[in-house]
Structure formats: structure tokens, C-alpha cells
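Here is the structure we will look at.
In my numbering, the protein residues as written are 613 to 948.
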């Protein structure tokens, strides 16, 4: 199945924010387009000028949700239209495009998440390995000694000359915990974790992403000195991708809610696996698209000053997230 080439004259509206005619996205072949949002959110520019090789409309196409931006042809443009069911074919023909989308989405999502945390809570620590000691202290005081040991061990590993090295060693000795090799040093890509095992913790460098084969995983983050639950992931979900894509420390912790099996994919084999298994990239981009769409709606909601308006927008977002058909006089019961 060949990709469709479409042309628009300067000034033409290509996609319109809020419309549900999704199912395809575009790659700019020639010319320039400008994107904009009705409610510009903190964490991204109000408008963006895109040129050859750039893409737009992917988030809505791959998640199946309404458009979150309006795109207008700045000049006469020639575009490649890609249907969401053609994504695997696109990867086979041009894997670098898939990697460009994945990296772009990863950076955008991290920026959105950081902004949501800043607007929703007063403070959250910037990701830095030196904060691993603070994380260990929190878990130690909560008597979650396995998690405390993991954080202290990573602190000693990544900040060997840190100011709290002696205290971290003392804590480990008191808990009778040795310095243990981290999971990413294991050679097998198939991993099994027990209930309450820490897969990784926020602030440590990331070297792998994980695909859950069985079991559930909790994603948590420290905010204002308290642990906040961000999500509970299950079979088929992918997590840990942002750290290996943008070379920054983990932005959250992953803890097994029960015994879990998963595939661990490291930086070295990630791009090769994307080319060899297009379904992996398709799944990852679909997942990132869903997260970006939801993060944008959350940010846009935080910009609404009227409490009633914010509530209505939240309910609309929940309905759209569940792919409910929005129509006059139709009913929907929210399971909140």
C-alpha cells in the first residue's frame, strides 16, 4: 500500500484542533506549515513553523483522539499522508523517521510532565543522581528497607564522591545490604521481578526501557517530600523509554506491584529492534501519543480559571480518553 501525496495551497487549513477526523498524519515533503493551539500551554511554544522532513498530527492519529492543534499551510505545500495502519510500512521504508518521532515525543512528554508537576504541586526535585541519597532516606524512615537499599546502592554507584557517601554506607551496613549489581548489567533481555522489587528509581541514569509481559508495575514520583502515585501499568505497557532516548536521569520510580516478567531493551539494541520489529515502534509511538494527548489536555485544563469550566473540561477529557462518541443528547456514566 503506497503512501498518498496531498497538496495544499498557502493559507489552507490542513487539520483543525478539536476535530475527530483522525486516522492519519502528515510528513512535510515540500513547503512550510505553521501549527498553533487554541490554548497555548506552558512547556511548548505557541506556534511552530515546520518544514521538509517534519511531521504533524501523529499524536491524534495514533491515539485515536481529537486533534490537539490547528495546522495551516504557510506556503504551497506537498505532504505525505500516512494512515495509522501504515506506520509499520513507514518504519520499514524509513526507520530514521520513526526514531525522530520517538525522540521528539520523548522530549515533549518530559517537558509536559515537568510543567504539570510544577503547576499542580509547589516543588519537585530536578532529576539528579545526588538526590538518590534523599530518596534512600525517605524509604529508610518509611521502613521500606529494600527500596532504601536500592537507592543508597545507586547513590554510591553514581555519586562515589558525594557528601553523603559515608552515611549511605552506614545505612547499608545497618540493613546488612551489599552493593548489588543493577538489573541492566544482566545479559538476558528477559527479566523476572518479585512483588515490591524496585526496577529503577528516579534520579538514577537510565539504560533500558521495559515491556511488561505479565504482572503490574507502579510508577511513583517524590513531590514535596511525599511519594505520589503516577500510574499502575500492566501487561503490554512500555515504560522507562524517556531516559534512554534523551540521556537524562529517570524522572520517576518503577516498583513491582506483584511478580512481573518483562523484556528489557537497552540503548545499544533499541534502534536495531525498531528496524527489525516495526510493531515495537508502532506500540511505543501509540503509547507516547496517548500520553502526550492526555498531558496536553491536563495542561490546557490547568489554564482554565473558572472551576466549573475546569470540571466540565475534565469530564470531557475522560469521555474522549475512553473513546466515547460525543453527540447531542447522548449519555455517558463516568466511573470515577
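Ideal placement from N, C-alpha and C gives every residue a C-beta, glycine not left out.
This structure is a prediction, so every number in the text was calculated from the model and none was measured.
Rounded Cβ spacing between residue i and residue j (contact assumed at less than 8 Å)
i           : j           : result
residue 767 : residue 780 : 5 Å
residue 950 : residue 873 : Nothing about residue 950 can be reported from this structure: the residues present for the chain run from 613 to 948 only.
residue 689 : residue 643 : 3 Å
Cβ pair residue i, residue j closer than 8 Å
i           : j           : result
residue 682 : residue 629 : yes
residue 675 : residue 898 : yes
residue 638 : residue 703 : no
residue 622 : residue 887 : no
residue 667 : residue 714 : no
residue 883 : residue 617 : no
residue 920 : residue 724 : no
residue 881 : residue 819 : no
residue 840 : residue 832 : yes
residue 876 : residue 824 : no
residue 764 : residue 774 : no
residue 868 : residue 811 : yes
residue 861 : residue 816 : yes
residue 896 : residue 885 : no
residue 696 : residue 759 : no
Of the listed residues the options, nearest to residue i (C-alpha basis)
i           : options            : result
residue 659 : 669, 670, 645      : 645
residue 741 : 814, 870, 920      : 814
residue 787 : 876, 857, 751      : 751
residue 677 : 929, 859, 792      : 929
residue 871 : 921, 817, 806      : 806
residue 834 : 650, 922, 744      : 744
residue 808 : 791, 690, 829      : 829
residue 726 : 863, 938, 874      : 863
residue 728 : 926, 874, 711, 912 : 912
residue 900 : 615, 857, 777      : 857
residue 717 : 819, 894, 917, 918 : 894
residue 647 : 641, 685, 635, 789 : 685
residue 922 : 910, 932, 933      : 910
residue 649 : 670, 626, 680      : 680
residue 904 : 624, 627, 720      : 720
residue 620 : 636, 632, 641, 631 : 641
residue 937 : 746, 783, 632, 867 : 632
residue 698 : 942, 651, 890, 902 : 890
residue 669 : 859, 634, 651      : 634
residue 789 : 757, 926, 944, 777 : 757
residue 570 : 694, 701, 624, 941 : In the structure as shown, the chain starts at 613 and stops at 948, and residue 570 therefore has no counterpart that could be examined.
residue 776 : 791, 804, 746      : 746
residue 770 : 785, 791, 753      : 791
residue 705 : 846, 924, 615, 778 : 615
residue 914 : 627, 626, 651      : 651
residue 934 : 946, 694, 783, 778 : 946
residue 855 : 694, 722, 700      : 722
For residue i, three-class secondary structure by DSSP
i           : result
residue 828 : coil
residue 743 : helix
residue 840 : strand
residue 648 : strand
residue 699 : helix
residue 667 : strand
residue 791 : coil
residue 815 : coil
residue 931 : helix
residue 913 : helix
residue 898 : helix
residue 718 : helix
residue 636 : strand
residue 802 : strand
residue 936 : coil
residue 572 : Outside the modelled stretch of the chain, which goes from 613 to 948, sits residue 572, for which no answer is possible.
residue 943 : coil
residue 757 : helix
residue 771 : coil
residue 673 : helix
residue 833 : strand
residue 599 : As displayed, the chain neither begins before 613 nor continues past 948, which places residue 599 out of reach and without an answer.
residue 779 : helix
residue 851 : strand
Heavy atom of the ligand MN within 7 Å of residue i beta-carbon
i           : result
residue 888 : This structure does not include the ligand MN; it has no bound ligands of any sort.
Does the segment 840–854 come into contact with the segment 659–669, if we say contact requires no fewer than three beta-carbon pairs (one atom in each stretch) closer than 8 Å?
As far as the Cβ criterion goes, the segment 840–854 does not touch the segment 659–669, which means the pair count is below three.
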